[in-house]
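In our numbering, the protein residues as written are -13 to 442. We treat Cβ as the ideally placed atom computed from N, Cα and C, and that holds for glycine. Below: one structure, written as structure tokens.
Here it is in structure tokens:
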């Protein structure tokens, strides 16, 4: 059985009690996080995150539905126009001559309208396959963005944690100098305020990590707080070579989409030309006439009707499609040139950021840490003033946060370069709701699919 003995405390100091309370709060805050409490959390790599997300998104079955619609469209485009049946009779009284006519008519496709519709349906099926590739690329980039956000926020939390530890050391040193009568009470209060702000920043950084975990794990349909990246700054730095970007440029998905649009435009013009030509309609029937004397006469009737396309020859429809086709052709060269220039600028910026990051990581950060530690040690023995400690601490904090910002800028450059090289708008994938927006657009596109052609 344990027993506790109380005794009178001499020289009661509120400042020291406050410092102890802050230290206890800091310990509770830090050890409430499993990653620093010794518990090993399994990390997730970028490829694993992409794979899990792709497997989960496939369960929607949207692409299977779109392919079914495309297949049905091809079959629909092969159908002939339905024939027409006509029945006529005159003379309904017994004292009148009666005439009964039964006929059937069929419009003939002699100018290739059905063939043009079939071609457009086949292009639409290819378009769906291409849109699936675009969706998969957008999904991969969106997951890469969420994964990089979690990695950066984890690093930022670690940086803020280190700053919190430095703040605690500074506060403890200032408290001891205060007890020795070397600094004023207001200096202690300022240090306490700085330490409290560091604690708030740590809690804010931890909240960002928790939210980033939720956003990333939601990509595979979970809300997993145990997911983590847990990489060092060197391994968080994005790796994208110019060769990879060139491969993406060669397989530019939006350029392939433009080419399919051009093919569809050509097929649509051919369809309009076929519609503008006078397709004949064959009529076959039997006329039966009966006189009052009950004599019956059957006559076979065969005829053909040809529309006179005097006014509507689809001339303006062809003009509209040709204007759209010309615009697509003009955009092609302009787009490729502008896209390559943008990607090149982003890669140049990335190289510059990497030079800064390596210099900061190898030179500035170790030097700032050494200066801060030596300044604090000198302050403890009275060689440096409090202002020197504050300046050294601020410099260290700025260098650490600059490292985080360089990583953020680098990932933004990489994601923008990869998106543009694939022909994807970076704004579509570089936000926390990107996957939800992609799925919403995909569902709307599926509902908007309609029949291309066929008879009626």
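Counting along the chain, where does the alpha helix (DSSP H) carrying residue i start and finish?
{"i": "residue 274", "result": "That residue, residue 274, is in no alpha helix (DSSP H); its beta strand (DSSP E) goes 267 to 276."}
{"i": "residue 254", "result": "239 to 262"}
{"i": "residue 395", "result": "372 to 408"}
{"i": "residue 78", "result": "Neither: residue 78 is in no alpha helix (DSSP H) and is coded neither H nor E."}
{"i": "residue 297", "result": "Where residue 297 is concerned, there is no enclosing alpha helix (DSSP H), given that its DSSP letter is neither H nor E."}
{"i": "residue 431", "result": "420 to 434"}
{"i": "residue 414", "result": "412 to 415"}
Short of 6 Å in beta carbon distance, which residues of its chain neighbour residue i, apart from the five on each side in sequence? Order them along the chain.
{"i": "residue 374", "result": "361"}
{"i": "residue 422", "result": "none"}
{"i": "residue 187", "result": "146"}
{"i": "residue 291", "result": "267"}
{"i": "residue 139", "result": "194, 195 and 198"}
{"i": "residue 332", "result": "399, 402 and 403"}
{"i": "residue 293", "result": "264"}
{"i": "residue 35", "result": "129 and 133"}
{"i": "residue 191", "result": "142, 143 and 146"}
Where does residue i fall in DSSP's three states?
{"i": "residue 41", "result": "helix"}
{"i": "residue 209", "result": "coil"}
{"i": "residue 46", "result": "coil"}
{"i": "residue 97", "result": "coil"}
{"i": "residue 14", "result": "Its pLDDT being 41, under 50, residue 14 is placed unreliably in this model, and the coordinates cannot settle the point."}
{"i": "residue 200", "result": "helix"}
{"i": "residue 152", "result": "helix"}
{"i": "residue 364", "result": "helix"}
{"i": "residue 219", "result": "helix"}
{"i": "residue 134", "result": "helix"}
{"i": "residue 225", "result": "coil"}
{"i": "residue 67", "result": "coil"}
{"i": "residue 169", "result": "coil"}
{"i": "residue 369", "result": "coil"}
Apart from the five residues just before and just after residue i, which ones in its own chain have a Cβ nearer than 7 Å to its Cβ?
{"i": "residue 383", "result": "149"}
{"i": "residue 209", "result": "200 and 203"}
{"i": "residue 435", "result": "52 and 55"}
{"i": "residue 114", "result": "52, 53 and 56"}
{"i": "residue 247", "result": "314"}
{"i": "residue 93", "result": "67, 265 and 267"}
Opposite residue i in the DSSP bridges: which residues?
{"i": "residue 89", "result": "72 and 271"}
{"i": "residue 285", "result": "273"}
{"i": "residue 214", "result": "29"}
{"i": "residue 291", "result": "267"}
{"i": "residue 84", "result": "276"}
What does a CB cutoff of less than 8 Å around residue i pick up in its chain, not counting 5 residues either side in sequence?
{"i": "residue 90", "result": "69, 70, 71, 72, 269, 270 and 271"}
{"i": "residue 87", "result": "72, 73, 74, 75, 271, 272, 273, 274 and 287"}
{"i": "residue 41", "result": "206"}
Confirm, please, whether the CB-CB distance from residue j to residue i is below 8 Å.
{"i": "residue 254", "j": "residue 106", "result": "yes"}
{"i": "residue 174", "j": "residue 161", "result": "yes"}
{"i": "residue 415", "j": "residue 127", "result": "yes"}
{"i": "residue 56", "j": "residue 110", "result": "yes"}
{"i": "residue 400", "j": "residue 219", "result": "no"}
{"i": "residue 39", "j": "residue 129", "result": "yes"}
{"i": "residue 409", "j": "residue 241", "result": "yes"}
{"i": "residue 390", "j": "residue 141", "result": "yes"}
{"i": "residue 329", "j": "residue 239", "result": "no"}
{"i": "residue 276", "j": "residue 285", "result": "no"}
{"i": "residue 432", "j": "residue 48", "result": "yes"}
{"i": "residue 396", "j": "residue 339", "result": "yes"}
{"i": "residue 372", "j": "residue 213", "result": "no"}
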